[in-house]
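S.K.: Protein chains in written order, with numbering that gives the first Met the number 0: chain A, 0 to 399; chain B, 0 to 399.
Please read through the structure below; I'll follow up with questions.
Protein chains: 2
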Amino acid sequence: MELQSDEAGAFIPGARAVVAPTASGGLNGIRFAVKDLFDVAGFITTGGNPDWGRTHGVAAGTAPVVAALLAAGAEMVGKTKTVELAFGLTGENPWHGTPQNPRMPARLPGGSSCGSVAAVASGQVPLALGSDTGGSVRIPASYCGLYGIRPSQGAISLAGTVPLAPSLDTPGWFTREAALLERVGSVLLPGEHGRLGGPLLAVAEVWTNAEPEVAAALRPALARLAALFGPVLTVEPAPEGIAALYAHYRAIQGDEAWTTHGGWITGAKPALSPAVAARFRGAAAVTTAQAAAARGVRQRMQDRLRGLLAGGAVLVQPTSPAPAPLCDAGDAALEALRERTIGATAIAGLAGLPEVTLPAAAVRVPDGDAPVGLSLIGGFGRDRALLSLAREAAALLDLP
Amino acid sequence: MELQSDEAGAFIPGARAVVAPTASGGLNGIRFAVKDLFDVAGFITTGGNPDWGRTHGVAAGTAPVVAALLAAGAEMVGKTKTVELAFGLTGENPWHGTPQNPRMPARLPGGSSCGSVAAVASGQVPLALGSDTGGSVRIPASYCGLYGIRPSQGAISLAGTVPLAPSLDTPGWFTREAALLERVGSVLLPGEHGRLGGPLLAVAEVWTNAEPEVAAALRPALARLAALFGPVLTVEPAPEGIAALYAHYRAIQGDEAWTTHGGWITGAKPALSPAVAARFRGAAAVTTAQAAAARGVRQRMQDRLRGLLAGGAVLVQPTSPAPAPLCDAGDAALEALRERTIGATAIAGLAGLPEVTLPAAAVRVPDGDAPVGLSLIGGFGRDRALLSLAREAAALLDLP
């Protein structure tokens with residue numbers, strides 16, 4: 000099997016190699032890429048950082064989620080770049096080189112699953128695995144005009160995967176078509192009966208948090224979805240407000256990230272990019288009291304949102320408040336965008352709910368038409384029904 | 000058993016008579032009154048109109064809902080006044096005399112279950128049966144400072160009851176205490192397991208539809224309920240808007256009311272009070288197309304609201320936009336209030352959902368402190384869980 004050229008810089012150059020399917024199944028003939036956070040036997044898992052790879056060696060086994068794709072007939076073609084240890088949303092990596100945003104070359108691809116999104120958006124593969132802690136599948140999918148899913152917390156095993164903040168980490172995947180997004184779900188997710196019958200609940204603060212052009216570009220799609228669900232209701236599922244959600248997310252993520260990696264960072268003294276090193280310093284500074292308070296808020300938010308959605312209701316919101324930032328946006332602007340973005344992605348993230356982003360619209364920017372995603376968030380464990388719904392919604396919106 | 004004097008004018012004078020319990024049970028020792036819309040064997044059911052009584056005669060049987068109370072050990076002490084054929088919300092009846100609002104003597108008691116609310120609010124009985132088509136239990140309960148329930152559509156039989164608009168009619172009951180409201184539910188309603196876990200959803204437009212003083216008086220109760228549920232979310236469950244809900248309610252009610260009573264009105268030519276006669280003329284003028292369109296809206300609203308609440312969420316809203324109107328308010332003001340009121344009561348009414356009103360607050364008016372109710376609306380068929388929740392909420396709010 001010949002590999003295409005990788006002009007988007009999606010793959011880690013030393014990790015472009017074909018791994019054949021182990022059986023035949025629902026993904027026969029599908030080629031896929033894997034974020035270099037998942038173990039594949041015989042490959043070094045770098046986690047986006049050369050020192051991580053050096054200190055951890057060659058993986059002996061293959062992560063179950065990768066093995067499940069291979070066993071369904073899919074063929075792996077290589078491992079993709081990631082923000083170091085998945086700790087970032089823009090997709091930058093100074094060690095392997097930041098992948099291109101294939102849709103908007105002057106802009107960042109988003110991350111941390113930057114190579115996976117670039118591999119699919121550039122047309123090299125129809126499917127790539129990523130992971131999502133605070134938005135690392137959803138945000139790059141929105142930036143590059145792809146479908147992406149963050150499943151329910153715990154629905155798919157993360158064994159054999161480099162962790163960041165275990166209670167928030169999930170795998171996820173990117174496709175260019177809604178039908179394949181769903182087909183992969185039928186391989187990786189437990190079966191379920193019934194569909195999501197609505198109502199569709201627009202998350203008011205996330206719509207106002209988005210840039211006005213983003214909200215305006217997505218609103219026609221929202222109006223057309225009324226054909227599936229009847230009138231769209233508005234709801235404020237997180238009266239704490241987006242700024243507070245970001246603070247609580249940051250406390251839990253930081254506490255767990257330092258618990259997970261603090262020993263390695265202080266012991267092995269790895270070279271980290273300045274931005275990721277700064278995030279780990281912030282993680283180390285989270286107090287036990289902050290993390291405990293945040294976990295209390297999360298528990299109540301989980302109860303509340305699971306109650307709200309248990310009957311088949313679906314939240315709908317802009318995936319990201321903005322299109323992909325320009326590559327030269329500058330650190331201060333990127334950090335401000337990160338906080339505003341996580342306030343929105345933390346709704347599904349803290350509540351552990353499945354979220355699918357659809358490439359529903361684009362906004363006019365000086366360098367072209369930048370994609371923006373529309374997210375559907377379903378009840379806990381309703382991942383398969385949410386994927387079916389996303390396919391129906393895509394058909395209604397004349398999307399691929 | 001000696002009967003108290005009826006200074007509130009709650010009972011129909013000729014229908015004050017004790018009917019003994021038929022068995023012993025959960026309502027032993029409870030005396031109750033019955034709106035004169037329910038058949039009790041040996042009594043004439045007047046439906047609030049002398050010509051109805053004259054043309055229909057003495058009831059041969061007892062309505063099952065009355066029989067169930069008697070079989071649970073409760074003792075009936077008489078039949079109470081009602082707006083003619085239950086077609087009105089203010090509680091006026093020129094034939095039997097309008098009952099007093101025991102809490103606010105210069106104000107109307109609300110209706111159509113005006114005698115039942117007056118009998119309980121004046122302390123004569125702890126329990127009275129009413130009926131609710133567009134608010135006829137909820138509104139008088141709010142006006143007179145009582146608890147009241149409108150159950151899920153169809154949850155309790157209306158056999159042996161004068162109908163108004165069968166797809167909207169429900170029985171209901173009034174008490175001064177939350178515990179008895181719940182205890183009656185355990186006699187009349189099917190059992191269920193589980194509790195309503197929230198979240199609590201404030202219905203935004205009903206809060207803004209209420210007079211500012213009413214909303215302000217009820218908001219502290221809403222804030223205190225956060226102790227049961229966590230933060231109160233806001234939702235717009237009826238994006239059609241309150242004015243449209245009133246129009247759709249009016250079309251369905253009118254269509255059914257004329258189907259039910261048009262033959263009697265044109266055939267028997269009964270004497271009706273001017274206000275009720277005008278409502279029937281309006282009912283006769285509803286077109287088939289209006290009613291069909293309204294039924295389509297109702298179906299979609301049912302689907303939507305049942306989906307929203309199926310997971311245990313609870314809507315919360317002011318029961319009435321205003322306290323009881325003054326007895327001399329005038330027909331135009333009362334008609335405007337009726338439209339605004341039904342826009343709010345039609346949410347549970349059209350969706351067929353159970354609603355409980357709690358005597359949660361009072362607003363200062365020139366003649367005293369006028370009660371106003373806070374409503375909780377639960378998922379379809381969750382009546383028993385809603386009654387338990389209302390009792391918990393009452394305890395939290397230091398209500399009886």
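Backbone N, C-alpha and C define an ideal beta-carbon position, used for all residues, glycine too.
If you're wondering where the values come from, they're calculated on a predicted model, not measured in any experiment.
What does A:Leu308 reach in chain B if we use C-beta pairs closer than 8 Å?
M.R.: What you label residue 308 of chain A is simply residue 309 of the first sequence in a count that begins at 1. Within 8 Å Cβ-Cβ: Gly310.
S.K.: Look at the alpha carbon of A:Ala16 and the alpha carbon of A:Leu36, and state the distance between them as a whole number of angstroms.
M.R.: Position 17 of the first sequence, counting from 1, holds the residue named residue 16 of chain A. Position 37 of the first sequence, counting from 1, holds the residue named residue 36 of chain A. Answer to the nearest angstrom: the Cα atoms are 16 Å apart.
S.K.: Give the C-beta separation of A:Ala283 and A:Gly261 to the nearest angstrom, bearing in mind that I take them to be a contact with Cβ-Cβ under 8 Å.
M.R.: What you label residue 283 of chain A is simply residue 284 of the first sequence in a count that begins at 1. What you label residue 261 of chain A is simply residue 262 of the first sequence in a count that begins at 1. 6 Å between Cβ atoms; contact.
S.K.: I'd like to know if A:Glu235 contacts chain B, where contact means its C-beta is closer than 7 Å to some C-beta of that chain.
M.R.: If you number the first sequence from 1, residue 235 of chain A lands on position 236. Interface residue, yes.
S.K.: Could you tell me how far apart the beta carbons of A:Gly114 and A:Thr89 are, in whole angstroms, since I believe they sit closer than 8 Å?
M.R.: Position 115 of the first sequence, counted from the first residue, corresponds to residue 114 of chain A. Position 90 of the first sequence, counted from the first residue, corresponds to residue 89 of chain A. Between A:Thr89 and A:Gly114 the Cβ distance is about 13 Å, and since that is not below 8 Å, they are no contact.
S.K.: Can you pull out the residues from the region 167–199 of chain B whose beta carbon lies closer than 7 Å to at least one beta carbon of chain A?
M.R.: Residues Gly196, Gly197, Pro198.
S.K.: Within the region 138–201 of chain B, note down every full beta strand (DSSP E) run reaching 3 residues or more, in order along the chain.
M.R.: Counting whole runs of 3 or more residues, the region 138–201 of chain B contains the beta strand (DSSP E) stretches 146–149, 169–174.
S.K.: Looking at the C-beta of A:Arg299, does it have a partner C-beta in chain B at a distance below 7 Å?
M.R.: Counting from 1 along the first sequence, the entry for residue 299 of chain A is found at position 300. It does: the Cβ of A:Arg299 has a partner Cβ on chain B nearer than 7 Å.
S.K.: Please list, in chain order, the residues of the region 239–267 of chain B that have any C-beta partner in chain A closer than 9 Å.
M.R.: So the list reads Glu239, given in the order they occur along the chain.
S.K.: Just reading off the beta strand (DSSP E) that A:Gly77 is part of, what are its end residues?
M.R.: Here residue 77 of chain A is taken as the residue at index 78 of the first sequence, counted from 1. Counting along the chain, the beta strand (DSSP E) containing A:Gly77 begins and ends at 74–79.
S.K.: Below 8 Å, how does it come out for the region 296–307 of chain A and the region 307–314 of chain B: are there three or more Cβ pairs, yes or no?
M.R.: A contact exists between the region 296–307 of chain A and the region 307–314 of chain B.
S.K.: How long is the line joining the alpha carbons of A:Gln152 and A:Thr174, rounded to whole angstroms?
M.R.: For this step, residue 152 of chain A is matched to residue 153 along the first sequence. For this step, residue 174 of chain A is matched to residue 175 along the first sequence. If I take the Cα positions, the gap works out to 20 Å.
S.K.: Could you compute how far the alpha carbon of B:Asn92 sits from the alpha carbon of B:Phe379?
M.R.: Taking the second sequence and counting its residues from 1, one reaches residue 92 of chain B at position 93. Taking the second sequence and counting its residues from 1, one reaches residue 379 of chain B at position 380. In a straight line, the C-alpha of B:Asn92 is about 33 Å away from that of B:Phe379.
S.K.: For A:Val57, is the classification buried or exposed, using 16 other Cβ atoms within 10 angstroms of its Cβ as the cut-off for buried?
M.R.: The count along the first sequence starts at 1 and reaches residue 57 of chain A at position 58. Its Cβ having fewer than 16 others within 10 Å, A:Val57 is exposed.
S.K.: Can you confirm whether B:Pro219, when its beta carbon is compared against all beta carbons of chain A, has any partner nearer than 7 Å?
M.R.: The residue labelled residue 219 of chain B in the question sits at position 220 within the second sequence. By this cut-off, B:Pro219 is not an interface position.
S.K.: Cβ of B:Val355 within 7 Å of Cβ of B:Ala389?
M.R.: To locate residue 355 of chain B, count along the second sequence from 1; it is residue 356. To locate residue 389 of chain B, count along the second sequence from 1; it is residue 390. Cβ distance < 7 Å, so B:Val355 and B:Ala389 count as in contact.
S.K.: Whole angstroms are fine: how far does the CA of A:Ala178 sit from the CA of A:Leu395?
M.R.: Counting from 1 along the first sequence, the entry for residue 395 of chain A is found at position 396. Counting from 1 along the first sequence, the entry for residue 178 of chain A is found at position 179. Roughly 13 Å between the two C-alpha positions.
S.K.: Applying a beta-carbon distance threshold of less than 8 Å, which residues of chain A neighbour B:Gly109?
M.R.: Within the second sequence, the letter at position 110 stands for residue 109 of chain B. Neighbours of B:Gly109 on chain A: none; closest Cβ ~30 Å, over 8 Å.
S.K.: First and last residue of the alpha helix (DSSP H) that includes A:Ala215?
M.R.: Against the first sequence, residue 215 of chain A aligns to sequence position 216. 211–228 is the extent of the alpha helix (DSSP H) around A:Ala215.
S.K.: Considering only C-alpha positions, which residue in the set A:Gly184, A:Val205, A:Leu232, A:Leu128 is nearest to A:Pro198?
M.R.: Locating residue 198 of chain A in the first sequence gives position 199, where the first residue counts as 1. Comparing Cα-Cα distances from A:Pro198 to each of A:Gly184, A:Val205, A:Leu232, A:Leu128, the minimum goes to A:Leu232.
S.K.: Drop a sphere of 10 angstroms on the beta-carbon of B:Gly329, count the other beta-carbons inside from all chains shown, and report buried for 16 or more, exposed for fewer.
M.R.: Position 330 of the second sequence, counted from the first residue, corresponds to residue 329 of chain B. When all chains shown are included, B:Gly329 counts as exposed.
S.K.: Three-state secondary structure (DSSP) at B:Ile341?
M.R.: As a position in the second sequence, residue 341 of chain B is number 342, starting the count at 1. Looking at B:Ile341 - three-state DSSP - the assignment turns out to be helix.
S.K.: When DSSP labels each residue in this structure, what does A:Glu354 get in the three-state scheme?
M.R.: Looking up residue 354 of chain A in the first sequence gives position 355. Residue state, collapsed to three classes: strand.
S.K.: Counting only Cβ pairs nearer than 8 Å, list the residues of chain A close to B:Leu232.
M.R.: Here the question's residue 232 of chain B lines up with position 233 in the second sequence. Correct list: Val234, Glu235, Pro236, Pro238, Arg303, Leu307.
S.K.: By the DSSP assignment, the beta strand (DSSP E) with B:Thr286 in it spans what residues?
M.R.: For the purposes of this step, residue 286 of chain B is identified with residue 287 of the second sequence, where counting begins at 1. Taken as a continuous stretch (DSSP letters only), B:Thr286 belongs to no beta strand (DSSP E), as it is neither H nor E.
S.K.: State the CB to CB distance for the pair B:Ser141 and B:Ser319, rounded to an integer number of angstroms; the pair is presumed to be in contact (CB under 8 Å).
M.R.: Numbered from 1 along the second sequence, position 142 holds the residue referred to as residue 141 of chain B. Numbered from 1 along the second sequence, position 320 holds the residue referred to as residue 319 of chain B. Between B:Ser319 and B:Ser141 the Cβ distance is about 4 Å, and since that is below 8 Å, they are a contact.
S.K.: Pairs of beta-carbons, one from the region 38–51 of chain A and one from the region 78–88 of chain A, closer than 8 Å: are there three or more?
M.R.: Yes: at least three Cβ pairs fall under 8 Å.
S.K.: Sort A:Arg53, A:His95, A:Asn208, A:Ser272 by Cα distance to A:Ala335 and report the nearest one.
M.R.: One-based indexing of the first sequence puts residue 335 of chain A at position 336. Closest option to A:Ala335, Cα to Cα, is A:Asn208.
S.K.: Output the boundary residues of the alpha helix (DSSP H) element that contains A:Gly266.
M.R.: Reading the first sequence from its first residue, position 267 is the one you call residue 266 of chain A. Segment 241–267, the alpha helix (DSSP H) holding A:Gly266.
S.K.: List the residues of chain B that A:Gly377 touches, going by C-beta distances under 8 Å, in chain order.
M.R.: Indexing the first sequence from 1 puts residue 377 of chain A at position 378. Result: empty, since nearest Cβ-Cβ is about 12 Å, beyond 8 Å.
S.K.: Taking its Cβ as the centre, do 16 or more other Cβ atoms sit within 10 Å of A:Ala369, making it buried, or is it exposed?
M.R.: The residue you call residue 369 of chain A lines up with position 370 of the first sequence. Buried is the call here.
S.K.: Counting along the chain, where does the alpha helix (DSSP H) carrying B:Gly52 start and finish?
M.R.: Mapped onto the second sequence, residue 52 of chain B falls at position 53. 49–55 is the span of the alpha helix (DSSP H), which, as asked, contains B:Gly52.
S.K.: Applying the criterion that 16 or more other CB atoms from any shown protein chain within 10 Å of the CB defines a buried residue, is A:His192 buried or exposed?
M.R.: The residue labelled residue 192 of chain A in the question sits at position 193 within the first sequence. It counts as exposed.
S.K.: Assuming A:Pro108 and A:Ala117 make a contact with CB atoms under 8 Å, what is their CB distance in whole Å?
M.R.: Within the first sequence, the letter at position 109 stands for residue 108 of chain A. Within the first sequence, the letter at position 118 stands for residue 117 of chain A. The Cβ separation is near 5 Å, so the contact holds.
S.K.: Alpha carbon to alpha carbon, how far is B:Leu333 from B:Val371? Give it in angstroms, no decimals.
M.R.: Locating residue 371 of chain B in the second sequence gives position 372, counting from the first residue. Locating residue 333 of chain B in the second sequence gives position 334, counting from the first residue. C-alpha separation (whole angstroms): 17 Å.
S.K.: Measure the C-alpha to C-alpha separation of B:Ala201 and B:Asp302 and round it to an integer number of angstroms.
M.R.: Reading the second sequence from its first residue, position 202 is the one you call residue 201 of chain B. Reading the second sequence from its first residue, position 303 is the one you call residue 302 of chain B. Answer to the nearest angstrom: the Cα atoms are 19 Å apart.
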